Amino acid sequence: MSKLTAIRGFNDILPTETAKWRAVEHILTQVLDGYGFSQIRLPLVEQTELFARGVGEATDIVEKEMFGVVHGNQNTGKDEGESSFTLRPEGTAGCVRAVVEHNLTRGDTPKLWYLGNMFRYERPQKGRYRQFTQLGVESFGSALPDADAELIAMTAMMWRRLGIDEHVTLQLNTLGEAHERLAYKNALVEYLTAHFDGLDDDSQRRVSTNPLRVLDSKDEQTQAILLGAPKLSDFLGEESRLHFEQVQNYLHTLGIDFEINEKLVRGLDYYNKTVFEWVTDKLGSQATVCGGGRYDGLVGIVKGKAEQSEPAVGFAMGVERLMLLIEAVNPIEAKADCDVFVVASEDVYMNAVLYAHQLRLNNPTLRVKMASATSLKSQMKKADKSGAKYTVIIGQDEVANDTISVKNMHTGEQVTASMNEFNFDK
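If you're matching positions, the sequence shown starts at 53 in our numbering and goes up one per residue.
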């Protein structure tokens, strides 16, 4: 019988690493709390139509990367009503669906965040997996550039708190409004068609499906051709230019450095005006750590009323890739399993269980661990391995005298104290 292992691209995060994940997640959520954003918890599964409509049918996500859902014994991704279901490949569309379904924007401008697994069927590589963890942040209801700048400032604060701010660079661009982008797209398609034979295979396909993504090509020959291509900035109207200038002014005021990258388009159809990415040179070819922008049309699209524009802006980051960057430039120090390890002779082990229980009741933040009632020598080995600062030893003498022996595992010093009086915080 073959050995059962995790599916390729679906990874375990082991106890040696989860403490680091929790530390990073704690910092991220602290920053989100500091900016007044509220958590929303979204389903893993949505109707496929949500992503086809919201993300865009010509995107790589919808064309090649979505996982259908197994229903019963058939891998159809459909229920009895023949609705197609999909494991979520990204979070924005689902968050917008929730906002629309529950009418959260009525008289309010909700600021939301979510953290959880996403799924994409693509070739696994370091920092990019088929199941991955994503933090997403979405702000609804404000069309003003301060909303764009606030989210960028929030990400800058996250990098600072994580100690990686010197290793990421902010790239900024504007996509203008839909009609401006359409005029540009037509000019770009005309140019690319004239140079079609020189484009790489993916770019040739995208000329007719999603031409702006050609700008994002990694092919050197395609990039050389793009040097003479029309620029989106030449097609922008006064309002789009002013919005972008104001975003930049906010960032200057906050002391946040950035680069203008006119080839930055992001991979999804729903963006307009401001788009941004934080990139690094510490992760090889997988340079993007976080990306986002404004998507004023998506709420209307999800409602089925594409002509209705409702302002929204957001960003997302893959936590696996963020962890790789932190490990490369500012590793998180490993943390011990517990603060206090309680060991006891087998004949008084029940007394030790009661002591540990009382210790947890009276000190909710204290991490108290025990081993099973094996030999005292075996328990002491586990206490030493745990990394605990203190080991509490309880034997017949301690029970008889209502005391405990406490060993400082860092210094080796051992003292006897009353059972309820030792201060483990010192």
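Note that CB positions come from ideal geometry on N, CA and C, so glycine has one too.
The structure presented is a predicted model; accordingly, all values stated were derived computationally and were not measured.
(message) To the nearest angstrom, how far is the alpha carbon of Val-7 from that of Glu-362?
(response) Past the boundaries of the shown model lies residue 7; the chain is included only from 53 to 478, so the question cannot be answered.
(message) Give me the DSSP bridge partner(s) of Cys-342.
(response) Paired residues: Trp-330, Met-369.
(message) With a threshold of 8 Å, are at least 3 pairs of Cβ atoms found where one atom belongs to the segment 156 to 164 and the other to the segment 82 to 97?
(response) Touching, per the Cβ criterion.
(request) Please report the residue range of the alpha helix (DSSP H) in which Lys-433 lies. (result) Under the DSSP assignment, Lys-433 falls in the alpha helix (DSSP H) whose first and last residues are 428 to 438.
(message) Buried or exposed for Gln-207, going by 16 or more other Cβ atoms inside 10 Å?
(response) Before going further, note that residue 207 is Thr rather than Gln in the sequence given. Answer is buried; the Cβ neighbour count reaches 16.
(message) Suppose contacts are defined by Cβ-Cβ distances below 9 Å. Is Ala-404 in contact with Glu-142 by that definition?
(response) Cβ distance not < 9 Å, so Ala-404 and Glu-142 don't count as in contact.
(message) Assuming Glu-372 and Tyr-181 are in contact, meaning their beta carbons sit under 8 Å apart, how far apart are those beta carbons, in whole angstroms?
(response) About 6 Å; that satisfies the 8 Å criterion.
(request) In angstroms with no decimal places, state the Cα-to-Cα distance between Phe-184 and Leu-374. (result) Cα-Cα distance, rounded: 12 Å.
(request) Mark Asp-200 as exposed unless 16 or more other C-beta atoms lie within 10 angstroms of its C-beta, in which case mark it buried. (result) Under this definition Asp-200 is a buried residue.
(request) Please say whether Phe-192 and Leu-156 have beta carbons closer to each other than 9 Å? (result) Against a cut-off of 9 Å, the Cβ pair of Phe-192 and Leu-156 comes out as a contact.
(message) Less than 9 Å between the beta carbons of Asp-389 and Lys-441, yes or no?
(response) No.
(message) Within a Cβ cutoff of 7 Å, which residues of the same chain sit near Glu-190, ignoring the five residues on either side of it in sequence?
(response) Thr-144, Cys-147, Leu-164, Ala-364, Gly-366.
(request) Use the C-beta contact count for Gln-126: other C-beta atoms within 10 angstroms, 16 or more gives buried, fewer gives exposed. (result) Confidence at Gln-126 is low in this model, with a pLDDT of 46, below 50, so the placement of that residue is unreliable and no value is reported for it.
(request) Determine the burial state of Phe-248: buried for a count of at least 16 other Cβ atoms within 10 Å of its Cβ, exposed for fewer. (result) The residue is exposed, with fewer than 16 neighbouring Cβ atoms inside 10 Å.
(message) Could you compute how far the alpha carbon of Ser-424 sits from the alpha carbon of Met-432?
(response) Going by the C-alpha atoms only, they are around 11 Å apart.
(message) Which residue marks the beginning of the alpha helix (DSSP H) containing Glu-385, and which one marks its end?
(response) Where Glu-385 is concerned, there is no enclosing alpha helix (DSSP H), given that its DSSP letter is neither H nor E.
(request) Grab the span of the beta strand (DSSP E) containing Lys-459 for me, first residue to last. (result) Taken as a continuous stretch (DSSP letters only), the beta strand (DSSP E) holding Lys-459 covers 455 to 460.
(message) Could you tell me the alpha carbon to alpha carbon distance between Glu-379 and Thr-221, rounded to whole angstroms?
(response) Per the coordinates, the alpha-carbon of Glu-379 lies some 18 Å from the alpha-carbon of Thr-221.
(request) Take Ser-90 and list the residues in its own chain whose beta-carbon comes closer than 8 Å to its own, dropping the five residues that flank it on each side. (result) The beta carbon of Ser-90 sits closer than 8 Å to those of Pro-162, Lys-163, Leu-164, Trp-165, all from its chain and outside the five residues before and after it, given in chain order.
(request) Could you have a look at Leu-80 and say whether DSSP puts it in helix, strand or coil? (result) Helix at Leu-80.
(message) Give me the DSSP bridge partner(s) of Glu-190.
(response) Glu-190 pairs with Leu-164, Gly-366.
(request) Determine the closest residue to Thr-68 out of Gly-439, Gln-466, Asn-475, Gly-447, with distance taken between C-alpha atoms. (result) Nearest C-alpha to Thr-68: Gly-439.
(message) Distance check for Met-461 and Thr-468, CA to CA, integer angstroms please.
(response) Looking at the two C-alpha atoms, the distance is approximately 15 Å.
(request) With DSSP as the reference, label His-220 as helix, strand or coil. (result) Checking the sequence shown, residue 220 turns out to be Val, not His. Three-state DSSP puts Val-220 in coil, outside helix and strand.
(message) I'd like to check one pair, Val-392 with Val-451: are the Cβ atoms closer than 9 Å?
(response) In this structure, Val-392 does not lie closer than 9 Å to Val-451 by Cβ.
(message) Need the endpoints of the alpha helix (DSSP H) that Ala-235 sits in, please.
(response) In the DSSP assignment, Ala-235 falls within the alpha helix (DSSP H) that extends over 230 to 246.
(request) Using three-state DSSP, classify Gln-360 as helix, strand or coil. (result) Gln-360: coil per DSSP, three-state reduction.
(request) Using three-state DSSP, classify Ile-285 as helix, strand or coil. (result) Checking the sequence, you will find Ser at residue 285 rather than Ile. Per DSSP, reduced to three states, the secondary structure at Ser-285 is helical.
(request) Leaving out five residues on either side along the sequence, give the residues of the same chain with a beta carbon under 6 Å from the beta carbon of Leu-264. (result) Around Leu-264: Val-317.
(message) Let me check understanding here. Comparing Cα to Cα, which of Met-471, Asp-454, Val-458, Lys-437 lies closest to Ile-445?
(response) For Ile-445, the nearest C-alpha among the options comes from Val-458.
(request) Determine which residues share a DSSP beta bridge with Ile-445 and list them. (result) Beta-bridge annotation (DSSP): Ile-445 is paired with Val-395, Ser-457.
(request) Give the DSSP-derived three-state secondary structure of Met-170 in the structure shown. (result) DSSP places Met-170 within a strand segment (E or B) once states are collapsed to three.
(request) Have a look at the DSSP bridge pairing and note the partners of Arg-180. (result) Arg-180 pairs with Gln-177.
(request) Measuring alpha carbon to alpha carbon, tell me which of Phe-476, Val-351, Asp-449, Leu-376 ends up nearest Lys-72. (result) The option with the nearest alpha carbon to Lys-72 is Leu-376.
(message) Between which residues of its own chain and Lys-55 is the CB-CB distance below 6 Å, once the five residues before and five after are set aside?
(response) Hits under 6 Å: none found.
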